[in-house]
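All residue numbers for the sequence shown refer to my numbering, where the first residue is 844 and numbers rise by one.
Note that CB positions come from ideal geometry on N, CA and C, so glycine has one too.
These numbers were taken from a predicted model, which means no experiment stands behind them.
Take a look at the structure set out below.
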Amino acid sequence: MLSRLFSLAFALTLLSACDTGQDGTDAMVTVTGSVTDESASSLTSSASSAPVEGATVTASRVSARGSLSALSGSATTNASGQYTLTTDATADATVIAATRQSFAARALLEAGAASGAQVMAPPMTAETSAEADVFVAVRARESAADAADVILFVTADVAADIRAAATTAADVAASIDAALAAEASASGASSSEAEEVETTRRENAATFRVALAASSSSSARAQAFSRFETDYEDAFAQTSVTLNARARASQARTKALIRFSNNLSAQARLSMRRRARIATARTTALAVEAAFRARGASNARLTALAQARANLIASLESAGNDNAQNQVESTYAAVVRAELAQETNLSAAQLSAAAQASSAARATFNTALAASPSGATIGTATVSYFSAVESGARTAFGADASLAIEAFALVSLY
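So, in structure tokens, the structure goes:
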């Protein structure tokens, strides 16, 4: 209920941005923030790192199709790189830009952020500049992707390669677009639930933006991002989409991002895939643990599974290539299957029969994945894949073996 009330208040805030003052002038908003040099990362730089003095700061709203319209006002950064900009209030997403001679940096304000009286922008860095550029490119595609999606997937490595012209914002936007389309297709969420997820994620982006602006250390920024990453995956929590279905939709999202990120530079590709895999790993592992918990698994077994989840995420963080990431996921799946066999007394023959059925379904899925023209078709293929795996597991384990069927299927794409 509180979430729905917050969403209503958020919507009313957006509507209020269309109002004008009693004197007939447009409503105004004061934006505060800071500008750092282009080599800094929003998650790793210190608050005082390389401030840019004397930069001119302006604002532009981003249309639904990715065009930029300049808003009124300008400001100049002080010796600490800080600025206070008074500009037109708008319900649209807004790009704040800073320029000085050959230097340029940008930061993104999600839709609704600039509709009030005051707003704190994230410190401008190479990462926030790339986020703004990718968001504009996403809008140009008329994609369902929003600011939160861009924040999640545009890493410091992606930003560095965009700045170096090793990859393009348009190609990054295309991979994010495909990933979100796959998630939507696989989740089974209604249109109203999809809108609620989008609103929740936008609110999460706002919370992260404020935390980032207020953070004075790299550890605080990293903690804020970790919270944002968790909240991003939990955005379906207020919908009818089960944790199991959310995990499968997240797997579809990652498969689509992997499939459609081949045009990116090697560094950007690996970084985005790592970010996607980690988000999916968390949701998948939590769904596995929930299935064991529902069956009444012991605390010792649940602790072992939680440790396997922690190892999975930590190992994905350090994996240096796609093959290493695949191996990390396979290791986690093996742990789950071993715990499953002990919990349910499944025989080796039963597990082998289920694995054979899963292998056949995987081959069909891989063929569909390679030929898929869009993220949406990958979402559909993912749903079909899990249906086939469950059918094979049901035959191997028995129709009443709900835990075995659910947990086996969840890790079968690993």
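> Between Ser877, Val900 and Asp935, which lies nearest to Thr919 when the distance is taken from Cα to Cα?
Replying inline: Taking the sequence shown and counting its residues from 1, one reaches residue 919 at position 76. The residue with the shortest Cα to Cα distance from Thr919 is Val900.
> Does the distance from the CB of Tyr1075 to the CB of Arg1044 come in under 9 angstroms?
Replying inline: Taking the sequence shown and counting its residues from 1, the one referred to as residue 1075 is at position 232. Taking the sequence shown and counting its residues from 1, the one referred to as residue 1044 is at position 201. A contact, by the Cβ cut-off of 9 angstroms.
> Just how far apart, CA to CA, sit Thr1210 and Ala1177?
Replying inline: Working through the sequence shown from its first residue, we reach residue 1210 at position 367. Working through the sequence shown from its first residue, we reach residue 1177 at position 334. The alpha-carbon atoms of Thr1210 and Ala1177 are separated by roughly 24 angstroms.
> Among residues of its own chain, excluding the 5 on either side of Ala1252, which ones have a beta-carbon nearer than 7 angstroms to its beta-carbon?
Replying inline: In the sequence shown, the residue the question calls residue 1252 occupies position 409. Correct list, in chain order: Phe1229, Val1232, Glu1233 and Ala1236.
>> For Ile1248, tell me which candidate among Ala1191, Val1226 and Leu1183 has the shortest Cα-Cα distance.
In response: Within the sequence shown, residue 1248 is the residue found at index 405, counting from 1. With distances taken between Cα atoms, Ile1248 lies closest to Leu1183.
>> Please state the DSSP three-state secondary structure of Gln925.
In response: Numbered from 1 along the sequence shown, position 82 holds the residue referred to as residue 925. In the structure shown, Gln925 sits in a strand (DSSP, three-state: E or B).
>> Can you tell me which residues form a DSSP beta bridge with Val872?
In response: The residue you call residue 872 lines up with position 29 of the sequence shown. Residue pairing of Val872 in beta bridges, as defined by DSSP: Thr930.
>> Leu1159 and Val1171 - do their beta-carbons sit closer together than 9 angstroms?
In response: As a position in the sequence shown, residue 1171 is number 328, starting the count at 1. As a position in the sequence shown, residue 1159 is number 316, starting the count at 1. A distance below 9 angstroms separates the beta carbons of Val1171 and Leu1159.
> If you run the structure through DSSP and keep just helix, strand and coil, what is Gln1150?
Replying inline: Counted from its first residue, the sequence shown places residue 1150 at position 307. Secondary structure at Gln1150: helix, using DSSP grouped into helix, strand and coil.
> Can you check whether the CB of Ser1028 is closer than 9 angstroms to the CB of Thr1220?
Replying inline: Taking the first residue of the sequence shown as 1, we reach residue 1220 at position 377. Taking the first residue of the sequence shown as 1, we reach residue 1028 at position 185. In this structure, Ser1028 lies closer than 9 angstroms to Thr1220 by Cβ.
>> So the candidates are Gly916, Phe996 and Glu896; which of them puts its Cα closest to the Cα of Glu1072?
In response: By one-based count along the sequence shown, residue 1072 stands at place 229. In terms of Cα proximity to Glu1072, the closest of Gly916, Phe996 and Glu896 is Phe996.
>> According to DSSP, Val1001 sits in a beta bridge with which residue or residues?
In response: In the sequence shown, counting from the first residue as 1, residue 1001 sits at position 158. For Val1001, which the question treats as bridged, DSSP gives no partner whatsoever.
>> What does the alpha-carbon distance come out to for the pair Arg1064 and Val979?
In response: Looking up residue 1064 in the sequence shown gives position 221. Looking up residue 979 in the sequence shown gives position 136. Computed Cα separation, rounded: 24 angstroms.
> Apart from the five residues on each side of it in sequence, which residues of its chain come closer than 6 angstroms, Cβ to Cβ, to Thr937?
Replying inline: Here residue 937 corresponds to residue number 94 of the sequence shown, with the count starting at 1. Cβ within range, chain order: Ala902, Arg904, Leu952 and Ala957.
> Curious, which full-length beta strand (DSSP E) runs of at least 3 residues does the segment 1054 to 1105 contain?
Replying inline: Here no run is fully enclosed.
> Taking the alpha-carbon positions, what's the Ile939 to Leu914 distance?
Replying inline: Indexing the sequence shown from 1 puts residue 939 at position 96. Indexing the sequence shown from 1 puts residue 914 at position 71. As the crow flies, the alpha-carbon of Ile939 is around 10 angstroms from that of Leu914.
> Taking C-alpha atoms, which residue in Ala1025, Ala1021, Ala1157 and Phe1103 lies nearest to Ala1124?
Replying inline: Mapped onto the sequence shown, residue 1124 falls at position 281. If we check each option's Cα against that of Ala1124, Ala1157 comes out closest.
> Three-state secondary structure (DSSP) at Arg1136?
Replying inline: Position 293 of the sequence shown holds residue 1136. Helix.
>> Quick check on the burial criterion: 16 or more other C-beta atoms within 10 angstroms. Buried or exposed for Asp1243?
In response: Translated into the one-based positions of the sequence shown, residue 1243 becomes position 400. Asp1243 is exposed by the Cβ-count criterion.
>> Considering just the uninterrupted stretch of the alpha helix (DSSP H) at Ser1280, what are its terminal residues?
In response: Coverage of the chain is limited to positions 844 through 1257, which leaves residue 1280 absent and any answer about it impossible.
> For Ala954, does the three-state DSSP call read helix, strand or coil?
Replying inline: Taking the sequence shown and counting its residues from 1, the one referred to as residue 954 is at position 111. Coil at Ala954, not helix or strand.
>> Once the 5 residues before and after Leu1023 are set aside, which same chain residues still bring their CB inside 8 angstroms of it?
In response: Translated into positions along the sequence shown, residue 1023 becomes position 180. Correct list, in chain order: Ser986, Ala987, Ala988, Asp992, Arg1096 and Gly1218.
>> By alpha-carbon positions, which one of Ile1101, Met963 and Arg984 ends up nearest to Arg908?
In response: Numbered from its first residue, the sequence shown carries residue 908 at position 65. Among Ile1101, Met963 and Arg984, the Cα nearest to that of Arg908 belongs to Arg984.
> Should Ser1018 be labelled buried (16 or more other beta-carbon atoms within 10 Å of its own) or exposed?
Replying inline: Counted from its first residue, the sequence shown places residue 1018 at position 175. It counts as buried.
> Alpha carbon to alpha carbon, how far is Thr1050 from Ile994?
Replying inline: Translated into the one-based positions of the sequence shown, residue 1050 becomes position 207. Translated into the one-based positions of the sequence shown, residue 994 becomes position 151. So the alpha carbons of these two residues sit roughly 12 angstroms apart.
>> Along the chain, where does the alpha helix (DSSP H) containing Gln1193 start, and where does it finish?
In response: Within the sequence shown, the letter at position 350 stands for residue 1193. First-last of the alpha helix (DSSP H) with Gln1193: Ala1191 to Ala1214.
> Roughly how many whole angstroms lie between the Cα atoms of Ser891 and Thr1146?
Replying inline: Numbered from its first residue, the sequence shown carries residue 891 at position 48. Numbered from its first residue, the sequence shown carries residue 1146 at position 303. Per-residue confidence for Ser891 stands at a pLDDT of 43, beneath the threshold of 50, marking its modelled position as unreliable; the derived number appears in the next sentence. Roughly 41 angstroms between the two C-alpha positions.
>> Check this for me: beta carbons of Val874 and Tyr926, under 9 angstroms apart or not?
In response: Taking the sequence shown and counting its residues from 1, one reaches residue 874 at position 31. Taking the sequence shown and counting its residues from 1, one reaches residue 926 at position 83. Yes, Cβ-Cβ distance for Val874 and Tyr926 is below 9 angstroms.
> Secondary structure at Gln944, three-state DSSP: helix, strand or coil?
Replying inline: Your numbering for residue 944 matches position 101 in the sequence shown. Three-state result, Gln944: coil.
>> I need the DSSP call for Val878, collapsed to helix, strand or coil.
In response: Within the sequence shown, residue 878 is the residue found at index 35, counting from 1. Residue state, collapsed to three classes: strand.
>> Quick check on the DSSP output: the alpha helix (DSSP H) that includes Gln1022 runs from which residue to which?
In response: Translated into the one-based positions of the sequence shown, residue 1022 becomes position 179. As written in the sequence, residue 1022 is Ala, which differs from the Gln given in the question. Following the DSSP letters along the chain, one finds Ala1022 inside the alpha helix (DSSP H) bounded by residues Ala1012 to Ser1030.
>> Please list the terminal residues of the continuous alpha helix (DSSP H) segment that includes Thr971.
In response: Counted from its first residue, the sequence shown places residue 971 at position 128. Thr971 -> alpha helix (DSSP H) spans Ala969 to Ala983.
>> Contact defined as beta carbons within less than 8 angstroms: I believe Asp931 pairs with Asp869. What is the distance between those atoms, to the nearest angstrom?
In response: Translated into the one-based positions of the sequence shown, residue 931 becomes position 88. Translated into the one-based positions of the sequence shown, residue 869 becomes position 26. Rounded to the nearest angstrom, the Cβ distance from Asp931 to Asp869 is 5 angstroms, consistent with a contact under 8 angstroms.
>> Rounded to whole angstroms, what is the Cα-Cα separation between Leu845 and Gly897?
In response: Working through the sequence shown from its first residue, we reach residue 845 at position 2. Working through the sequence shown from its first residue, we reach residue 897 at position 54. In this prediction, Leu845 scores a pLDDT of 37, lower than 50, which makes its location untrustworthy; the coordinate-derived value is nonetheless stated afterwards. In this structure, the CA atom of Leu845 is about 44 angstroms from the CA atom of Gly897.
>> Quick check on this structure: which residue in Ala973, Val981 and Glu1026 has the alpha carbon closest to the alpha carbon of Ala1009?
In response: On the sequence shown, position 166 is the one that residue 1009 refers to. The shortest C-alpha separation from Ala1009 is found at Ala973.
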